[in-house]
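To keep things clear, I will list the structure first and then write my remarks on it.
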Amino acid sequence: MPRASPARTGLRTFGAGVKHLDLFSGIGGFALAARWVGWETVGFCEIDPYCQQVLRKHWPDVPIYDDVRELTGETVGHVDIITGGYPCQPFSVAGKRRGEADDRHLWPEFARLIRELRPRWVVGENVAGHINMGLDDVLSDLEGLGYTWEAFVIPACAVNAPHRRDRVWFVADSLGTGIRANAGAQSRTEVECPQLFQEDWQTLPDDIE
Ligand SMILES: C[S@@+](CC[C@H](N)C(=O)[O-])C[C@H]1O[C@@H](n2cnc3c(N)ncnc32)[C@H](O)[C@@H]1O
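Residues in the sequence shown are numbered from 772 upward in steps of one, following our numbering.
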């Protein structure tokens, strides 16, 4: 099966000069993709010291902000896109599913930074368990902030991992253009990855990173 690549996704048309802020950066998955398409990652926000070490090794010149609860738009400055795989524990079927009651529910901080920074684009990622717990609120918060959005389910095996592990993604646009016209990831997945729809496909708990 062919791998997803910048050329295949067409993302190169949205490349050089784009300023990218990555929240909940982990070890920099979004920033790696950003590098592939030519975006400039201008800041990370990650609280875990080990993840910070990994980020520092690969992006030595990019500032790492520690706790998202203390980060302000003013500190970051202008960005065109914010990405974030916000913590999944509040929604994961492998946890207690306490949703908003969970201390690790950090979507409100993500939403606050969107409000303060007003990026053109926002991309979010989370576990499939978020679809029936919390995602509606996230998407309606985005609408309240003036964004249109499109949500997708993309499994890990769509990029050649040997297991399914569904993830939900959303892309939100402050101008309300272009998303629907460019959408269709699910149907494209269906065409390009027919094995996803085989019943005996191996699945793993959705909080495995
Ligand atoms: C699901 S992981 C994101 C993985 C990431 N997208 C990657 O490519 O590795 C969520 C991350 O949020 C971080 N995190 C949790 N609480 C945070 C906080 N208060 N401020 C900043 N980062 C936080 C965790 O340490 C974890 O690395």
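We put the beta carbon where it would ideally sit given N, CA and C, even for glycine.
Query                                                                                                                                                        : Result
In terms of alpha-carbon separation, which member of Arg935, Leu906 and Ser945 lies closest to Pro890?                                                       : Ser945
For the alpha helix (DSSP H) containing Arg827, name the first residue and the last one.                                                                     : Pro820 to His829
Could you tell me the boundaries of the beta strand (DSSP E) in which Gly855 lies?                                                                           : Ile852 to Gly855
Whole angstroms are fine: how far does the CA of Lys828 sit from the CA of Ser796?                                                                           : 14 Å
Quick one: measure Cβ to Cβ for Leu992 and Leu884, integer angstroms, because I've assumed they're closer than 8 Å.                                          : In the structure as shown, the chain begins at 772 and stops at 980. Residue 992 is therefore absent and cannot be evaluated.
Let's test the definition: count the other Cβ atoms within 10 Å of the Cβ of Ala952 and tell me whether it reaches 16, buried, or not, exposed.              : A caution first: Ala952 carries a pLDDT of 39, below 50, which makes its placement in the model unreliable, though a value can still be read off. Ala952 comes out exposed.
If you drop the 5 nearest sequence neighbours on each side, which residues of the same chain put their C-beta closer than 6 Å to that of Val924?             : Asp937 and Val939
State the start and end residues of the unbroken alpha helix (DSSP H) segment that holds Asp793.                                                             : First-last for Asp793: Lys790 to Leu794, but that is the beta strand (DSSP E), not the alpha helix (DSSP H).
Closer than 6 Å by C-beta to Ala956: which residues in its own chain qualify, once you throw out the five before and the five after it? Chain order, please. : Low local confidence applies: a pLDDT of 39 at Ala956 is under 50, so the model's placement there is unreliable, with the coordinate-based value given in what follows. Result list for Ala956: Phe923, in chain order.
Can you tell me whether Ile982 sits near ligand 1, meaning its C-beta is under 7 Å from at least one heavy atom of the ligand?                               : Past the boundaries of the shown model lies residue 982; the chain is included only from 772 to 980, so the question cannot be answered.
Could you tell me if the beta carbon of Ile925 falls within a distance shorter than 7 Å of some heavy atom in ligand 1?                                      : no
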